[in-house]
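All residue numbers for the sequence shown refer to our numbering, where the first residue is 5 and numbers rise by one.
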Amino acid sequence: MANSAFVNERITGILEHLKEYRSASVETLAKMFYVSEASIRRDLKEMQKMGMIERSRGGALYYENADEVSIFVRAEKNAKEKEQTATIALKALPDFQSVFIDNSSTCLALAERMNLAYKTVVTNGLQIASKLSQKENVTIIMPGGEVHYNTNSVTGSITCDALDRYRVDLMLSSCAAIDDGGTFEHSPETMQLKRRAFERSRIRYLLVDSSKFGQSATYCTRKLSDYDGVITNADDKTANVLKQWGANVINK
Numbered sequence: 005m006a007n008s009a010f011v012n013e014r015i016t017g018i019l020e021h022l023k024e025y026r027s028a029s030v031e032t033l034a035k036m037f038y039v040s041e042a043s044i045r046r047d048l049k050e051m052q053k054m055g056m057i058e059r060s061r062g063g064a065l066y067y068e069n070a071d072e073v074s075i076f077v078r079a080e081k082n083a084k085e086k087e088q089t090a091t092i093a094l095k096a097l098p099d100f101q102s103v104f105i106d107n108s109s110t111c112l113a114l115a116e117r118m119n120l121a122y123k124t125v126v127t128n129g130l131q132i133a134s135k136l137s138q139k140e141n142v143t144i145i146m147p148g149g150e151v152h153y154n155t156n157s158v159t160g161s162i163t164c165d166a167l168d169r170y171r172v173d174l175m176l177s178s179c180a181a182i183d184d185g186g187t188f189e190h191s192p193e194t195m196q197l198k199r200r201a202f203e204r205s206r207i208r209y210l211l212v213d214s215s216k217f218g219q220s221a222t223y224c225t226r227k228l229s230d231y232d233g234v235i236t237n238a239d240d241k242t243a244n245v246l247k248q249w250g251a252n253v254i255n256k
């Protein structure tokens, strides 16, 4: 288990290095992380499979959409923070009969713990749909669309059009980053999907663990003040900053 943790930490470090320098050789990365070149090659092979990088002769290049990484990677990263956020959310959720749950790892952590018996769940996440299908008496709806192996989700214009057929009581969504009073995504497809789901929901809750702060992304989905509640495990100091942006913060 320790080895797996070290590998995940190293992969994160490699990605951060490539973000800054755009490329790196196997030799450079091996020296940087004090491991063999064979270990780095294995890391790069896995990162390429997940769409995080592009391989080059003797090294790797940063892939522009690398931040849209696998939900399995995201679920492992900051797992403690996501569980803390899910625990806070469980106490704050309003009554509902239908809910949209997005393909975020934070929402996955929450969905696994929710009592969804005799409720309807609309989701674009294959992993969430798979997990919830193991629970009894839950109606699960997945809108059609293009399946992305990297994020294990469906997005695109077909998915957005399909969402127009539904109206739900509650939206549970996360984001790639919070900045300048708004929520941001790395891809326009993800941004459009969440905008459409927002429009089709009566109550909208944003779930963000503390790792989302200080991140950067390009495409703005909504202002924080647009959400009915922003659920987070962030401390009071950070919560006060969000409140200055008009957010209704729930962090306890």
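C-beta atoms are modelled at their ideal positions from N, C-alpha and C, and glycine is treated no differently.
**Request:** Could you tell me the distance, in whole angstroms, from the CA atom of tyrosine 38 to the CA atom of isoleucine 132?
**Result:** Your numbering for residue 38 matches position 34 in the sequence shown. Your numbering for residue 132 matches position 128 in the sequence shown. When rounded, the distance between both Cα atoms is 37 Å.
**Asked** Which of helix, strand or coil does DSSP assign to aspartate 230?
**Response** Mapped onto the sequence shown, residue 230 falls at position 226. In the displayed model, aspartate 230 falls within a helix according to three-state DSSP.
**Message:** Excluding the 5 residues flanking threonine 159 on each side, which residues of the same chain have their C-beta closer than 7 Å to its C-beta?
**Reply:** As a position in the sequence shown, residue 159 is number 155, starting the count at 1. Counting only Cβ-Cβ distances below 7 Å, and skipping sequence neighbours, we find Asn128, Gly149, Glu150, His152, Glu193, Thr194, Leu197.
**Request:** Please state whether DSSP places alanine 42 in a helix, a strand or coil.
**Result:** In the sequence shown, counting from the first residue as 1, residue 42 sits at position 38. Looking at alanine 42 - three-state DSSP - the assignment turns out to be helix.
**Item:** Local conformation of aspartate 71 per DSSP, three classes
**Value:** Taking the first residue of the sequence shown as 1, we reach residue 71 at position 67. Model confidence at aspartate 71 stands at a pLDDT of 49, short of 50, so the residue's coordinates are unreliable; what they give is reported in the following sentence. Aspartate 71: coil per DSSP, three-state reduction.
**Asked** For lysine 123, does the three-state DSSP call read helix, strand or coil?
**Response** Here the question's residue 123 lines up with position 119 in the sequence shown. It is a strand residue.
**Request:** Return helix, strand or coil for tyrosine 66, following the three-state DSSP convention.
**Result:** Walking along the sequence shown from the start, residue 66 turns up at place 62. Tyrosine 66: strand per DSSP, three-state reduction.
**Asked** Hey, out of Leu211, Asp99, His21, Thr16, whose CA is closest to asparagine 107's CA?
**Response** Locating residue 107 in the sequence shown gives position 103, counting from the first residue. The shortest C-alpha separation from asparagine 107 is found at Leu211.
**Collapsed DSSP secondary structure at glycine 17 in the structure displayed** = One-based indexing of the sequence shown puts residue 17 at position 13. Correct three-state label for glycine 17: helix.
**Alpha-carbon spacing of methionine 56 relative to leucine 19, whole angstroms** = Taking the first residue of the sequence shown as 1, we reach residue 56 at position 52. Taking the first residue of the sequence shown as 1, we reach residue 19 at position 15. Note on geometry: alpha-carbon atoms of methionine 56 and leucine 19 lie some 8 Å from one another.
**Message:** On the DSSP bridge list, what partners appear for leucine 36?
**Reply:** Position 32 of the sequence shown, counted from the start, is the residue given in the question as residue 36. The amino acid occupying residue 36 in the given sequence is methionine; leucine does not appear at that position. Looking at the DSSP assignment, methionine 36 forms no beta bridge with any residue, so it has no partner.
**Prompt:** Does the pairing of the stretch 90-100 with the stretch 42-49 give three or more beta-carbon distances under 8 Å?
**Reply:** no
**CB of threonine 236 within 8 Å of CB of serine 214, strictly** = Here the question's residue 236 lines up with position 232 in the sequence shown. Here the question's residue 214 lines up with position 210 in the sequence shown. Yes, they are a contact pair.
**Prompt:** Buried or exposed: which applies to asparagine 244, given that a residue is buried once 16 or more other Cβ atoms fall within 10 Å of its Cβ?
**Reply:** Your numbering for residue 244 matches position 240 in the sequence shown. Exposed: under 16 other Cβ atoms inside 10 Å.
**Which of helix, strand or coil DSSP assigns to tyrosine 170** = Within the sequence shown, numbered from 1, the residue matching residue 170 stands at position 166. In this structure, DSSP gives tyrosine 170 a state outside helix and strand, which the three-state scheme calls coil.
**Request:** Count the other C-beta atoms from every protein chain shown that fall within 10 angstroms of the C-beta of arginine 171, then say buried if there are 16 or more, exposed otherwise.
**Result:** For the purposes of this step, residue 171 is taken as the residue at position 167 of the sequence shown. Exposed, because fewer than 16 other Cβ atoms sit within 10 Å of the Cβ of arginine 171.
**Request:** Could you check which residue in Thr110, Arg14, Asp99, Pro98 has the C-alpha nearest to that of lysine 84?
**Result:** Working through the sequence shown from its first residue, we reach residue 84 at position 80. Nearest option by C-alpha distance: Thr110.
**Asked** Which residues in the same chain have their Cβ closer than 6 Å to the Cβ of isoleucine 162, if we skip the five residues on either side of it in sequence?
**Response** As a first step, residue 162 must be located in the sequence shown, where it is residue number 158. The answer, listed in chain order, is Gly148, Gly149.
**Item:** Nearest-angstrom Cα separation, counted from glutamate 189 out to serine 27
**Value:** As a position in the sequence shown, residue 27 is number 23, starting the count at 1. As a position in the sequence shown, residue 189 is number 185, starting the count at 1. Going by the C-alpha atoms only, they are around 24 Å apart.
**Request:** Sort Ser102, Leu130, Lys227, Lys247 by Cα distance to alanine 121 and report the nearest one.
**Result:** In the sequence shown, residue 121 corresponds to position 117, counting from 1. Cα-wise, what sits closest to alanine 121 is Ser102.
**Request:** Look at the Cβ atom of tyrosine 209, then the Cβ atom of glycine 186, and state whether they are nearer than 8 Å.
**Result:** Here residue 209 refers to the residue found at position 205 when the sequence shown is read from its first residue. Here residue 186 refers to the residue found at position 182 when the sequence shown is read from its first residue. Cβ distance not < 8 Å, so tyrosine 209 and glycine 186 don't count as in contact.
**Item:** Contact check, leucine 246 vs arginine 200, beta carbons under 8 Å
**Value:** Taking the first residue of the sequence shown as position 1, residue 246 is located at position 242. Taking the first residue of the sequence shown as position 1, residue 200 is located at position 196. Contact: no.
**Asked** By DSSP, does leucine 94 sit in helix, in strand, or in coil?
**Response** Residue mapping note: residue 94 aligns to position 90 of the sequence shown, counting from 1. Residue state, collapsed to three classes: helix.
**Message:** My output table needs one value for threonine 143: the three-state DSSP class, helix, strand or coil.
**Reply:** Mapped onto the sequence shown, residue 143 falls at position 139. Three-state result, threonine 143: strand.
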